[in-house]
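If you're matching them up, the sequences are chains V and X in order. First residue of the first sequence: 1, per the working numbering; consecutive thereafter. First residue of the second sequence: 1001, per the working numbering; consecutive thereafter. Backbone N, C-alpha and C fix where the C-beta goes; we use that ideal spot for every residue, glycine too. Only a predicted model underlies this, so the values are computations on that prediction, with no experimental measurement involved.
Number of protein chains: 2
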Amino acid sequence: MNTMKKTETTNLVVESFNTDFERRLNFETLGKNLLNCAELHANKRGFGVDDIIKRNHAWVMARLSIEIFDMPYMFDEYSITTWVEKVYRMFTNRNFSISSTLNGQRPTVIGYARSVWAIIDKETRESIDLENEYGDSLKSYADNELDCPIQPFIRLKSSVNGQQSTTVEMVHKVVASDIDYNGHVNSMKYITYLCDLFSLEYYKTHKLKRVDIAYVSEAYFGDTLTLSREQTDENQYRIEVKNQKNEIIARGMMVFK
Amino acid sequence: MNTMKKTETTNLVVESFNTDFERRLNFETLGKNLLNCAELHANKRGFGVDDIIKRNHAWVMARLSIEIFDMPYMFDEYSITTWVEKVYRMFTNRNFSISSTLNGQRPTVIGYARSVWAIIDKETRESIDLENEYGDSLKSYADNELDCPIQPFIRLKSSVNGQQSTTVEMVHKVVASDIDYNGHVNSMKYITYLCDLFSLEYYKTHKLKRVDIAYVSEAYFGDTLTLSREQTDENQYRIEVKNQKNEIIARGMMVFK
């Protein structure tokens, strides 16, 4: 019997050096704070990064979707709550709610996020059987009655009968600061790559409402990443990140309002 | 009479998504946390960003020097303490100490930082007279008895009789995520630019011990920055950041061990 509750909550404040040109929390920081909260949740319950490394395992994020209705401003207080939704054989779903806790008032939900994770063997890089190896502990905390009323990961097809109507919008050579402790590009860096496909002018009239990223393959120091963007609807873009071998590294979707 | 103490301390933990490939806190996050602590100090004492904006003023950092002896690891606890050292007519010096607070033990100093600030009029972009306009409040908190035993800002001359022996090492086009609420490149981004002049291989055998940055001019969205690096000693480099008009934006110095 576990005695901890199923959710973990972190209380945060929007620090000025993590805001954008309009004094709003930037997406990369929000993403990092979601993952930090997830890590805290997992650590306290015995399946954190330092617990699973004992079996030479590592968490790998496969999908992330963040939807935000009202991004908090500089010095605003907000909180992140996370919980495990479901556990499958190869994947587990982890959800998040983001709330404004301005002036100590009753929290108001300002966004949600969904993520899909696998655990890999660090040697073989293969996914391990989650149910077999961690099913008991993960499932004892899973809760699918908690509400996460945003669409699951949105998979966007190329718009024109599979023909490529995309253009290369950005080339990024992977630098040392992109690399995390897993030896590959920090998953939150992709949020910034995607955000930086749009100009400051564009952001003056459009607010990013939702971002989806599918992590397909890993990128390493020195890789040359090319980002292609395709507009699929008035305020909607599909993005593809490829490496120098033309392998797909990540796929993204961005919705503005 | 002010009743607040002269120093402000923030307690922090190294979050996993703010670490480098060796699980150590990255320099950009450390720099941001120094500034967040400075902001907290200033806000609580009546000369924060939201106080001085009432006179249409803004804080501008002119110099930053960070020296770290032992960068904390993932999940380590640490604290930052800041205080105003001196107030001059056009500048004020703010210092920092960084301490490890691992396992609730007595804090051990692991680094120091020094910074030099001006306040500008947001309209004219000219520095204002600090002593006249904010001298009373700033000086009442100034303390130059607190120890900050690192060299002040190191000004490096070009090594070869003023001849340029530097080579352009990196070209960076300023993107939306680089821009802060002042409308220019976030001062902490320069730390990352500098750090990214070195390869992952280099960092495997060299640890960044000290970084100095002089903020000479502002960079804006769409600017093309070129970074030149010149080795001035075995483990010491001088860096120059210029924009597309060949204007110097920043000068840096990095010391490795």
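Any Cβ of chain V within less than 8 Å of the Cβ of residue i?
| i | result |
| --- | --- |
| V1160(X) | The pLDDT assigned to V1160(X) is 43, lower than 50, so where the model puts this residue is not dependable, and the model offers no usable value. |
| V1171(X) | no |
| G1183(X) | yes |
| C1195(X) | yes |
| I1213(X) | no |
| D1223(X) | no |
| M1254(X) | no |
| L1102(X) | no |
| T1019(X) | yes |
| F1198(X) | yes |
| A1176(X) | yes |
| N1026(X) | yes |
| D1180(X) | yes |
| N1186(X) | yes |
| K1032(X) | yes |
| M1090(X) | no |
| T1226(X) | no |
DSSP three-state call for residue i: helix, strand or coil?
| i | result |
| --- | --- |
| S16(V) | helix |
| E1022(X) | coil |
| R1094(X) | strand |
| L208(V) | strand |
| V1216(X) | coil |
| F1075(X) | coil |
| F256(V) | strand |
| D196(V) | coil |
| T1003(X) | coil |
| N43(V) | helix |
| N56(V) | coil |
| G31(V) | helix |
How about residue i: is its C-beta nearer than 8 Å to some C-beta of chain X?
| i | result |
| --- | --- |
| M4(V) | no |
| V49(V) | yes |
| L35(V) | yes |
| R23(V) | yes |
| M61(V) | no |
| M71(V) | no |
| S16(V) | yes |
| E39(V) | yes |
| Y203(V) | yes |
| K54(V) | no |
With a cut-off of 8 Å on the beta carbons, I'd call residue i and residue j a contact; round off their distance for me.
| i | j | result |
| --- | --- | --- |
| N18(V) | T29(V) | 4 Å |
With DSSP as the reference, please indicate the residues paired to residue i in a beta bridge.
| i | result |
| --- | --- |
| T1009(X) | T1081(X) |
| V241(V) | L227(V) and A250(V) |
| M1061(X) | W1117(X) |
| E67(V) | Y112(V) and R210(V) |
| K1086(X) | N1093(X) |
| I1179(X) | V1185(X) |
| D233(V) | Q236(V) |
> Which runs of the beta strand (DSSP E) spanning at least 3 residues fall entirely within the region 1100-1177 of chain X, listed in chain order?
Replying inline: 1108-1121 and 1167-1173
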